[in-house]
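Counting from 1 along the sequence shown, just add 9 to a position and that's the residue number in this note's numbering.
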Amino acid sequence: MSNGAGLFIDLLIIGILIFGIRLFRTPGGARHGNLAAALALVLAVSVTLMRHGLVQAEVVLMAALVGSFAGWFVAMRVTMIQIPAMVAFQHGAGGVAAFLVALVELMRISADAAAVGRISGIIGLVIGAGTFSGSMIAGGKLAKKLSQTPVVLPRHNLVLLGTAAAAVALGGVAFGAADPAVRIALFIVLIFVSILLGIFFSMRIGGADMPVLISFLNATAGLAAAFCGVIIQNKLLIACGATVAASGSILTHVMCRAMNRSLLKVFVGLKPAAKTSAGAVPEPSSHFFQGAPREAVSEEDPSNDDDPSVRAVSALKDAGRVIVIPGYGMALAQAQFKVLELMNLLEEAGKTVKFAIHPVAGRMPGHMNVLLAEADIPYDKLFEMDEINGEFPDTDVAMV
């Protein structure tokens, strides 16, 4: 196959992947987007195997069957409320794949190989191992196997900085080592140090900041894959990994901006996020629901009820425009179908209902979108924060 034909095939596969990502913008399109992205990855793996002469039908078929069955088995058992933990696990799997590929290539090539490839392999090894352990901590917290509260060690930032410095030093020594046995030993130690780095990095992130951590780990998994692509000289892997890294980085920045916090404050900041973030459900109070002003009544009047739920019903009856702001409470209660029923009742009464989606509501990026899509709430009723903020002054009721 000529270089021109190979480049054309690579660009075609990358185009299919990007087209699949583009389809994720709507619930209906997301199903087709998943299929398109899966097709692109299958084509990429097939092309890579053919180019390197690694096609052994029995091995490839067995690996495909095992992977397909494992994916199907896990997907069928996972409920919607477990999706955030599943996403974290998938990022960890990407990290494992990246650092294993990097390790094998680093052990295979000689100390005289191109410096760019060896440096990329070492970076992919560190980022991949750190992504794996960080994702396992995030998944454990999201699955409630670990405490969701931040765990901060004494002088945590110094511990984090020291571990990162140790990883850099070990990588530098391994890069310059000529003895293969010494290099292999250093790479194994580097993996353990990188795993510790991921643990120290993720353990201090609380539940309210988990969407930021998930999107950041998505970016690091893509970055590790891109560096692996450099060491194995695979343009497809470089492009796909860079695409994932870029999208994850942009999403992380968007969510930090929505929280009015910098990335440094979230990951190495002075304090954890407040519990009353967008993903939390406020405690009801006598001033939580605001409807039309009520006439003063005597204390003996049985209609003088300060029950927030009664006031909520009254406010919704009097409202013409309603904005629903879903949060983590809806996810925990799996109340998205009840929200759909309420929306239908309000619209039958002639009221306008919209949904305001905060970027960090829930426990993963897009958590609320997924839940509302499961309930078949029309996607054109969902609005991002910047789109709908200007409508609140003209809204009668905002339901959190």
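All C-beta atoms in this analysis are idealised placements derived from N, C-alpha and C, irrespective of residue type, glycine included.
- Counting only unbroken stretches of 4 or more residues, the alpha helix (DSSP H) elements lying wholly within the stretch 12-46 are 12-31, in sequence order.
- Listed in chain order, the non-local C-beta contacts of valine 160 below 8 Å within the same chain comprise Met212, Arg213, local neighbours out to five positions each way being set aside.
- Rounded to the nearest angstrom, the gap between the Cα atoms of threonine 158 and proline 402 is 35 Å.
- Membership of isoleucine 240 in the alpha helix (DSSP H) is indicated by the continuous run 219-240.
- Straight through space, the alpha carbons of alanine 138 and methionine 145 are spaced by roughly 11 Å.
- Contact annotation: alanine 234 and serine 258 have beta-carbon atoms that are not nearer than 7 Å.
- The C-alpha of aspartate 395 lies about 12 Å from the C-alpha of methionine 264.
- Sorting Leu26, Leu226, Thr261 by C-alpha distance to the C-alpha of valine 105 places Leu226 at the top.
- The Cβ-Cβ distance between glutamine 345 and alanine 370 does not fall below 7 Å.
- Residue pairing of alanine 365 in beta bridges, as defined by DSSP: Phe392.
- By the neighbour-count definition (other C-beta atoms within 10 Å, threshold 16), proline 189 is an exposed residue.
- Only exposed fits lysine 326, as fewer than 16 other CB atoms lie within 10 angstroms of its CB.
- Annotation: the continuous alpha helix (DSSP H) that includes methionine 352 extends over 345-357.
- In this structure the stretch 162-179 lies against the stretch 202-210, because at least three pairs of beta carbons, one per stretch, are closer than 8 Å.
- Here the stretch 43-61 lies against the stretch 21-33, with 3 or more beta-carbon pairs under 8 Å apart.
- DSSP, reduced to helix, strand and coil, places alanine 186 outside both helices and strands of the structure shown, so it counts as coil.
- Here isoleucine 92 is buried, its C-beta having at least 16 other C-beta atoms within 10 Å.
- In terms of Cβ geometry, isoleucine 240 and glutamate 114 form a close pair [threshold 7 Å].
- Per DSSP, the continuous alpha helix (DSSP H) segment holding alanine 107 begins and ends at 92-117.
- Judged by DSSP secondary structure, methionine 408 falls within the beta strand (DSSP E) whose first and last residues are 406-408.
- For valine 87, there is no enclosing alpha helix (DSSP H), as DSSP marks it with neither H nor E.
- Here methionine 219 is actually not in contact with isoleucine 334; their C-beta atoms are around 19 Å apart, not less than 8 Å.
- When DSSP states are grouped into helix, strand and coil, arginine 330 belongs to the strand group.
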